[in-house]
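Since the structure comes first, as structure tokens, the remarks are kept for the end.
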Amino acid sequence: EAGVAQSPRYKIIEKRQSVAFWCNPISGHATLYWYQQILGQGPKLLIQFQNNGVVDDSQLPKDRFSAERLKGVDSTLKIQPAKLEDSAVYLCASSLDVRGYGYTFGSGTRLTVV
Amino acid sequence: GQNIDQPTEMTATEGAIVQINCTYQTSGFNGLFWYQQHAGEAPTFLSYNVLDGLEEKGRFSSFLSRSKGYSYLLLKELQMKDSASYLCAVRDHQAGTALIFGKGTTLSVSS
């Protein structure tokens, strides 16, 4: 089975610019998660979708971050405008159902804000 | 809220055994996970414990004590390729299915 696909793999932008990341979960996985992993730390949950609805976005900085999952499959995460502290790896994960079975991560997008 | 603690760094030699500890505090414990993450790569699943006791899978074992809020990951017959970050994560009823991660333990294996 194909894994969780993410693009781009790397992105360098200047502060105050905008950036978007894309995630395609494993086929049939209803739940999708976006995590932010700052260098030297564990992943931190930003937002969780169940199909195309938001389950938890309590840690998403909504003044600059937005995410959507149209049609309950692919998802995009956007940052506008970016700050230096947004430099991190953005990981997408998906799981089969509400119980979290088959939790699998994508390879991530490494964002550098200069 | 949740709190997960694990050592920042550990070192060991090839062929040795290493134990990575994890303590956690969570109000609605619903499972503990260990992930391995090589530099620049995605975390990959190692083990899952929801009941007390030891789960063994090849060279890797994971232990859980729910009453103590404690888990450890045991790696036997260490190999150079085991050099990686090891992430302890818990699932909490209040957080649904999302995993809450610790900061990770960087293990360096030397020859």
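Chains as they are written, first to last, in my numbering: chain A, -12 to 101; chain B, 217 to 327.
Virtual Cβ for every residue (Gly too), placed ideally from N, Cα, C.
Between the options, which lies nearest to residue i when the distance is taken from Cα to Cα?
i             : options                    : result
residue 249/B : 294/B, 236/B, 298/B        : 236/B
residue 13/A  : 32/A, 76/A, 59/A           : 59/A
residue 31/A  : 299/B, 303/B, 224/B        : 303/B
residue 61/A  : -3/A, 16/A, 10/A           : 10/A
residue 240/B : 282/B, 226/B, 301/B        : 282/B
residue 246/B : 226/B, 267/B, 307/B        : 307/B
residue 301/B : 310/B, 316/B, 325/B, 274/B : 325/B
residue 270/B : 252/B, 256/B, 290/B        : 290/B
residue 45/A  : 312/B, 225/B, 226/B        : 312/B
So, under 8 Å CB-CB, residue i and residue j are touching, yes? Tell me the CB distance rounded to an integer number of Å.
i             : j             : result
residue 36/A  : residue 18/A  : 7 Å
residue 93/A  : residue 314/B : Between residue 314/B and residue 93/A the Cβ distance is about 16 Å, and since that is not below 8 Å, they are no contact.
residue 305/B : residue 318/B : 7 Å
residue 323/B : residue 230/B : The Cβ separation is near 12 Å, so there is no contact.
residue 276/B : residue 262/B : 6 Å
Beta-carbon of residue i versus every beta-carbon of chain A: anything under 8 Å?
i             : result
residue 285/B : no
residue 297/B : no
residue 279/B : no
residue 273/B : no
residue 303/B : yes
residue 257/B : yes
Verify the CB distance criterion: does residue i have a CB-CB separation below 8 Å to chain B?
i            : result
residue 18/A : yes
residue 12/A : no
residue 47/A : no
residue 64/A : no
Residue i and residue j: beta carbons closer than 8 Å?
i             : j             : result
residue 243/B : residue 265/B : no
residue 292/B : residue 233/B : yes
residue 74/A  : residue 98/A  : yes
residue 91/A  : residue -9/A  : yes
residue 5/A   : residue 69/A  : yes
residue 22/A  : residue 71/A  : no
residue 39/A  : residue 57/A  : yes
residue 33/A  : residue 8/A   : no
residue 320/B : residue 29/A  : yes
Minimum length 3: unbroken beta strand (DSSP E) runs contained in the stretch -10 to 35 of chain A: -8 to -6, -3 to 0, 6 to 11, 18 to 24
Residue ranges of each beta strand (DSSP E) within the stretch 257 to 292 of chain B, 3 or longer: 260 to 265, 269 to 273, 276 to 281, 286 to 291
Enumerate, from N- to C-terminal direction, the unbroken beta strand (DSSP E) stretches of 3 or more residues contained entirely within the stretch 52 to 93 of chain A. When DSSP assignments are scanned along the stretch 52 to 93 of chain A, the uninterrupted stretches of beta strand (DSSP E) that are 3 or more residues long and fall wholly within it turn out to be 52 to 55, 62 to 66, 75 to 82.
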